[in-house]
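Residue numbers for the sequence shown follow full-length UniProt numbering, so the first one is 1 and each next one is one higher. Ideal Cβ positions, reconstructed from N, Cα and C, are used throughout, including at glycine.
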Amino acid sequence: MSGGRNLGRYTQEQIDEYYAAGQWADENFTELLRSRAESMPDKVFVTDGVHALTFAELYTSSQQLAVGLHRGGVRAGARVAVQLPNWAAFIVVAASLARIGAVMVPIMPIYRKDEVAHVVSDAEVSVAIAPFEFKGFDYAGMFEEIRKDSPTLETIVAVRAPESVRPALAERDIRVLEDLILTDVDPAAADAELDIRVHPDDPFVIVYTSGTTSRPKGCVHTFNTYASGARMLTVAFGHTEDDVQFGPSPITHTTGLVTSVLIPLMAGAATHVMAEWTPQAGLADIAKFGCTSAVTATTFLQTLIAAAEEDPTADLSTLRMWTCAGSPIPATVVENATAKLPQARILSLYGRSENLSTTTCTVGDDPSRAITSDGSALPGAEVKVVGPDGYEVPRGAEGDIAYRGPSHMIEYLNRPQDTAELFTPEGFSRSGDLGVMDADGFVRVTGRTKDIVIRGGMNISVREVEDKLAGHPDLLALAVVGMPDEKLGEKVCCYVVAKDGHTAPTVEELRAYLTDRGVAVQKTPERVIPIDSLPMTATGKIQKHVLRKQIADELQQPTAAGAH
C-alpha cells in the first residue's frame with residue numbers, strides 16, 4: 001500500500017504485516033478527524049482555558065485554514081515550522097497542514113533564535129507559524145530576523161495578534177493566522193478546492209530530538225508511524241470516549257503531540273491542554289475540566305503532589321491514571337504518588353522521538369511493575385537489550401535497549417549515516433540507553449550508554465545513585481554527573497534542588513544517607529552543589545551535558561571552591 005514511497009528500512013514484508021495487523025491503516029489524519037466530526041460533532045474535543053472546540057468546529061476550522069494556507073502557496077511536501085504553546089490553535093494548524101499534505105515541523109516554545117534557526121535551516125522550512133507574542137517574547141520578530149538569513153523561509157504567520165497591530169504586521173510581510181481561516185468556505189467546498197488525498201505513509205511530521213547531548217536531529221515520521229504508537233498506547237492506557245486527557249507537556253514534542261492530541265482523537269475522548277504550567281494551576285485545571293489521565297515528565301507529577309500536600313482543598317479525584325515519561329521514574333515517586341492518589345494508577349513509559357513508546361507499563365500490568373520497571377514492549381513491537389555487537393545479551397544483563405516495530409521513524413533528516421548507525425544486524429534500532437530485561441520481558445532503564453561515572457576504573461551507574469537519593473526528605477530534584485579528577489579520572493558530583501523551606505544537605509550528609517542505604521562509599525558524591533533549578537529540555541529531561549560542562553569549567557578555575 002505504500003506505493004513506492006520512501007519508508008526507510010521498513011521491508012515490504014514488514015509493511016504488509018503492519019497493515020494486516022491493523023497497526024498501520026489506510027486512514028490519514030483528516031479522515032480520522034472527519035469520522036469524529038461526523039459521529040460526535042457536538043462533543044468538545046479540546047479546551048485550553050481560553051478556547052473550546054468541538055470535533056465539528058475543529059474539522060471545519062482546519063479545513064478553512066487549509067484553504068487559506070493553500071491559496072497562500074503552501075503545498076504538499078512543504079515544511080512548516082509550528083512554534084506554538086499548548087493552545088487549541090496548534091491542533092487547528094496541525095489538522096490543516098495534514099489536510100494539505102504539508103509536513104509539520106513542531107518547535108518547542110522555549111526555544112530561541114539559535115535553536116530555532118538550526119531547525120529552520122536543517123528542515124528547509126518555508127513557512128513559520130508562531131505566536132505574535134507569548135510570555136513577553138516577540139516570536140514574530142525572532143522569525144523576521146531568521147528570515148533575513150534563511151534561503152528557504154518565506155512566510156511568517158502570527159497567531160493571536162491584536163487587531164491594533166495587524167496593519168503594522170502586514171507592512172512587515174507577516175500574515176495573521178485568524179485572517180487565513182476562511183469562514184465563508186464550508187468543508188465540502190474546501191474538499192473540492194484542495195482536491196488531494198494525503199497518503200498515511202507520506203511524511204507527516206519532523207520532530208526534533210530534545211538535544212540532551214548534541215544538536216537536535218529531525219526524526220521524519222509518517223502519519224502511520226505516529227498513529228501506530230498512539231493506537232498501541234490507547235489500548236495500553238484503556239482510553240475511552242469518557243476520558244479527558246490532561247496536557248501540560250508541550251504538544252510541539254512527541255510526548256504531548258501523541259498523548260494530548262492523537263490518543264484522545266483515536267479514542268473519541270477530550271483533551272485539555274495547558275500553556276503555562278504551575279502546580280497550583282494544574283490542580284485547578286484538573287478539577288475544573290475533570291481530567292482523568294496524564295502523560296508527563298516525572299517532574300510534573302512530583303511538583304503536583306507537593307502542591308496538593310500544601311493545599312487541603314486540592315481535588316484530584318477524577319484522575320484514574322498518571323504516566324511518567326521522558327526520564328526514568330524513581331520508585332519513591334511512584335510510592336508517594338500512589339499514597340496521594342489511591343484511586344489512580346501510576347504508570348511508567350520509556351520512549352524516544354525516534355519510535356515513540358519503547359516500553360510501557362499498562363493498566364493491565366501488576367501495579368508494582370511501575371516501581372520495579374519501565375514497562376515492556378507493547379503488542380506489535382519488539383524490544384531487545386543488546387551488546388556492542390548488536391545481538392541480544394542474556395536476561396538480567398545490562399545492554400543497549402533496542403526497538404523494532406511499526407512506530408519507528410523513517411529516518412533522521414539529512415543524516416543517512418546517523419540513521420544507518422542506529423540499526424543492529426537484525427534491524428533493531430539502538431536507543432543509546434542502558435537497561436536490563438527480566439525473564440518476563442520488563443525493562444528497567446539504568447542510564448545512558450554514556451551516563452556512567454568511571455572512578456578509578458570502576459563504572460558507577462548514575463541511575464543507581466539518583467534512585468537512592470530520590471527519597472531524601474529535603475530534596476525536590478537532583479542530578480548526578482561525573483566531574484573530572486586528575487588521579488581517578490572522574491568522581492561523582494551531585495547537583496541538588498532543595499524543597500521550599502528545606503536546606504540542601506551537605507556532602508557529608510548525602511554520603512551518610514547513601515552509605516546507610518547500602519551504597520558503596522566509592523559511588524557516593526564527593527561534591528554537592530545546591531542549585532535553584534536543573535537545566536531541562538522542554539520535555540522535562542535534565543540536560544546533563546550542561547551540568548558536566550559547568551562543573552568541569554568550575555574545576556578549571558584556579559579558585560575552585562571545595563565541596564559543599
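When the Cα atoms are used, what is the spatial distance from residue i to residue j?
i           : j    : result
F289        : T47  : 9 Å
L555        : E276 : 37 Å
S278        : A227 : Checking the sequence shown, residue 278 turns out to be Thr, not Ser. Roughly 30 Å between the two C-alpha positions.
S357        : A377 : 8 Å
T213        : V185 : Residue confidence for T213 is low, a pLDDT of 49 falling below 50, so the modelled location carries little weight; the figure read from the coordinates is stated next. Computed Cα separation, rounded: 47 Å.
G268        : R231 : 12 Å
residue 576 : L265 : Nothing about residue 576 can be reported from this structure: the residues present for the chain run from 1 to 564 only.
A439        : R395 : 6 Å
V443        : L469 : 21 Å
G489        : G456 : 6 Å
V82         : T11  : 32 Å
R548        : G482 : 7 Å
Q302        : D191 : 46 Å
T362        : I346 : 10 Å
C39         : R320 : According to the sequence provided, residue 39 is Ser. The question's Cys does not apply to it. Rounded to whole angstroms, S39 to R320 spans 26 Å at the Cα level.
R139        : F132 : Per the sequence shown, residue 139 should be read as Tyr rather than Arg. For Y139 and F132, the distance between alpha carbons rounds to 6 Å.
V244        : H272 : 7 Å
F237        : V519 : 36 Å
T318        : T372 : 26 Å
R326        : R352 : In the sequence on display, residue 326 carries Gly and not Arg. Their backbone Cα atoms lie some 8 Å apart in a straight line.
S61         : T259 : 22 Å
V92         : A123 : 22 Å
I531        : V465 : 18 Å
K523        : D553 : 22 Å
L316        : A281 : 13 Å
Y391        : T209 : 26 Å
According to DSSP, residue i sits in a beta bridge with which residue or residues?
i           : result
K384        : A402
residue 580 : For residue 580 there is no data in the structure shown, the boundaries of the chain being 1 and 564.
G447        : L434
residue 610 : Residue 610 lies beyond the stretch modelled for the chain, which goes from 1 to 564, so this question has no answer here.
G218        : Y208
residue 565 : Any property of residue 565 remains undetermined from this structure, which presents the chain solely from 1 to 564.
S461        : I452
E132        : Before going further, note that residue 132 is Phe rather than Glu in the sequence given. F132 pairs with nothing; no bridge assigned.
Y495        : A479 and I529
I107        : The partner list for I107 (beta bridge, DSSP) is empty, contrary to what the question assumes.
I542        : M536
Once DSSP output is grouped into helix, strand and coil, what is the label at residue i?
i           : result
K549        : helix
Q245        : strand
H70         : helix
H118        : helix
S61         : helix
V433        : Note on residue identity: the sequence assigns Asp, not Val, to residue 433. Strand.
residue 592 : The chain is shown only over 1 to 564; residue 592 falls outside these bounds and no answer can be derived.
P484        : strand
R99         : helix
E421        : helix
G489        : strand
T213        : Only weak support is given to the placement of T213: the predicted model assigns it a pLDDT of 49, under 50, and the question is left unresolved by the model.
A267        : helix
I410        : coil
E554        : helix
E392        : strand
R147        : helix
M40         : coil
A561        : Any reading at A561 must be qualified, since the residue scores a pLDDT of 44, below 50, and its modelled position is unreliable; no value is offered.
S376        : strand
L7          : coil
A307        : helix
A512        : helix
Which whole-angstrom value is the C-beta distance of residue i and residue j, which I expect to be below 8 Å?
i           : j    : result
I329        : T298 : 5 Å
residue 570 : C493 : Residue 570 cannot be examined here, being either before or after the span of the chain that is shown, 1 to 564.
A95         : L58  : 7 Å
H253        : T539 : 5 Å
T255        : V295 : 6 Å
N28         : V198 : 5 Å
A308        : A314 : 4 Å
Measuring from the CB of residue i, is there a heavy atom of the ligand FAD at a distance below 7 Å?
i   : result
A98 : As far as ligands go, the structure on display features none, and thus does not contain the ligand FAD.
#### Entry: Three or more C-beta pairs below 8 Å linking the stretch 233 to 251 and the stretch 80 to 96
Three or more beta-carbon pairs separated by less than 8 Å link the stretch 233 to 251 to the stretch 80 to 96, which places the two stretches in contact.
### Query
Three or more beta-carbon pairs under 8 Å between the stretch 14 to 28 and the stretch 137 to 147, yes or no?
Contact annotation: the stretch 14 to 28 does not touch the stretch 137 to 147, with fewer than three C-beta pairs closer than 8 Å.
### Message
If contact is defined by three or more beta carbon pairs under 8 Å, each pair taking one atom from either stretch, is the stretch 365 to 372 in contact with the stretch 403 to 422?
### Response
Short answer: they don't touch.
### Message
Across the stretch 492 to 506 and the stretch 469 to 478, are there enough close Cβ pairs to call them in contact, namely three or more that are closer than 8 Å?
### Response
Segments in contact, yes.
### Query
Can at least three beta-carbon pairs, one atom from the stretch 378 to 391 and one from the stretch 402 to 410, be found at a separation below 8 Å?
Yes, the stretch 378 to 391 is in contact with the stretch 402 to 410.
### Query
Is the stretch 101 to 111 touching the stretch 187 to 203, taking contact as three or more C-beta pairs under 8 Å?
Output reads yes: the stretch 187 to 203 touches the stretch 101 to 111.
#### Entry: Cβ contact check for the stretch 123 to 132 and the stretch 144 to 164: 3 or more pairs under 8 Å
Note that the stretch 123 to 132 touches the stretch 144 to 164; at least 3 beta-carbon pairs, one per stretch, sit closer than 8 Å.
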